Amino acid sequence: MLATELAEDRRRRPADDLLTELVQAEVDDTQLSTQEIASFFILLAIAGQETTRNAISLGLWALHNNPAAHHAWAGDFDRLASTAVEEILRYCTPIATMRRTVTRDTMLNEHQLTAGDKVLLFYAAANRDERILPEPDRLDITRSPNTNLSFGGSGPHFCLGSHSIGSTPWANMSAACSLTASWHERPSAVRSLPSAYLRYAPVSTGSYPTASEVINQTPTVQGLYPGHAANTASL
Numbered sequence: 002m003l004a005t006e007l008a009e010d011r012r013r014r015p016a017d018d019l020l021t022e023l024v025q026a027e028v029d030d031t032q033l034s035t036q037e038i039a040s041f042f043i044l045l046a047i048a049g050q051e052t053t054r055n056a057i058s059l060g061l062w063a064l065h066n067n068p069a070a071h072h073a074w075a076g077d078f079d080r081l082a083s084t085a086v087e088e089i090l091r092y093c094t095p096i097a098t099m100r101r102t103v104t105r106d107t108m109l110n111e112h113q114l115t116a117g118d119k120v121l122l123f124y125a126a127a128n129r130d131e132r133i134l135p136e137p138d139r140l141d142i143t144r145s146p147n148t149n150l151s152f153g154g155s156g157p158h159f160c161l162g163s164h165s166i167g168s169t170p171w172a173n174m175s176a177a178c179s180l181t182a183s184w185h186e187r188p189s190a191v192r193s194l195p196s197a198y199l200r201y202a203p204v205s206t207g208s209y210p211t212a213s214e215v216i217n218q219t220p221t222v223q224g225l226y227p228g229h230a231a232n233t234a235s236l
């Protein structure tokens, strides 16, 4: 397996990279095993591409169904890219759920939890909490601050996917570059479909459509995109 071979190589020949940091890291005075490092890379690969893919497809769909936000961003893409990406993360919530196992009996918000219970974190609900966010059901690409929980809260279990999309340099590079390509190279929008016809992945922690179409459109001089459709392609 590539990951295990690379890990063993870095143990013999350390370099200035992430893999060397992993093989040299210690938890409770114990280094990660080669298998643990391989598992980490599987997680990193999934977290690094699934969230980005979901956010881009859902983001295009959301923008097409919110024309005011669509036109505002098209008119000033670079300036609004950072807040728009964060708002797409909140509004679309590319990772819908995450399950945890209760390790000890406890009371949480007046609910008794017993060791071994399975609890489901529903990020989409947290990202629409009207007690925290004004007008949570509105796509506001200028929203700031934006306290979205698309990657969880803080601490050691903060989602690795945040390093591919979100409020980090790599994040904005992944999503904003992909969306920039959509606007500047092949300006696109997702065909507006009634929600009843927008199919989602049946079993996944992620949230993404499986039956949308991208419409290639020609930009006008003003940078806005008329409804000229050609060469439709499945997402």
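So for the sequence shown, this note's numbering puts the first residue at 2; every next one is plus one. Quick reminder that beta carbons are idealized off the backbone N, C-alpha and C, glycines included. Just so you know, these numbers come straight off a predicted model, no measurement behind them.
Classified as buried, residue 65 has 16 or more neighbouring CB atoms from the shown chains inside 10 Å of its CB. Partner residues in the beta bridge of residue 151, as assigned by DSSP, are 153.
Put simply, of 151, 23, 81 and 18 the residue whose alpha carbon is nearest the alpha carbon of residue 95 is 151. Taking a cut-off of 8 Å on C-beta distances, the region 128–148 does not touch the region 97–116, as fewer than three cross pairs fall below it. Spatial neighbours of residue 123 in its own chain (CB-CB distance under 8 Å, excluding positions within 5 residues in sequence) are listed in chain order as 97 and 98. By the neighbour-count criterion, in which 16 or more other beta carbons inside 10 Å mark a residue as buried, residue 42 falls on the buried side.
Residue burial annotation: residue 53 is buried, with at least 16 other C-beta atoms found within 10 angstroms of its C-beta. Residue 109 counts as exposed, since fewer than 16 other beta carbons sit within 10 angstroms of its beta carbon. Residue 107: member of the beta strand (DSSP E) spanning 107–109, first to last residue. Boundaries of the beta strand (DSSP E) around residue 98: 98–102.
Check the Cα spacing between residue 59 and each of 117, 44, 89 and 71: the tightest is with 89. At least 9 Å separates the beta-carbon of residue 121 from that of residue 91. Between residue 39 and residue 4 the beta-carbon gap is near 4 Å, inside 8 Å, which marks them as a contact.
Within the model, the alpha-carbon separation for residue 47 versus residue 132 is close to 32 Å. Remark: C-beta atoms of residue 126 and residue 86 do not approach each other more closely than 9 Å. For residue 120, the pairing in a beta bridge is given by DSSP as 101. If you draw a straight line from the Cα of residue 2 to the Cα of residue 156, it is about 30 Å long. Taken atom to atom, the span from the alpha-carbon of residue 19 to that of residue 102 is near 29 Å.
Classified as exposed, residue 158 has fewer than 16 neighbouring CB atoms from the shown chains inside 10 Å of its CB.
9 Å or more divides the Cβ of residue 8 from the Cβ of residue 28. Around residue 106, the same chain offers 115 and 116 as residues with beta carbons nearer than 6 Å, after the five sequence neighbours per side are excluded.
Under the three-state reduction of DSSP, residue 27 is assigned to strand.
For residue 114, the enclosing beta strand (DSSP E) has its first and last residue at 112–114.
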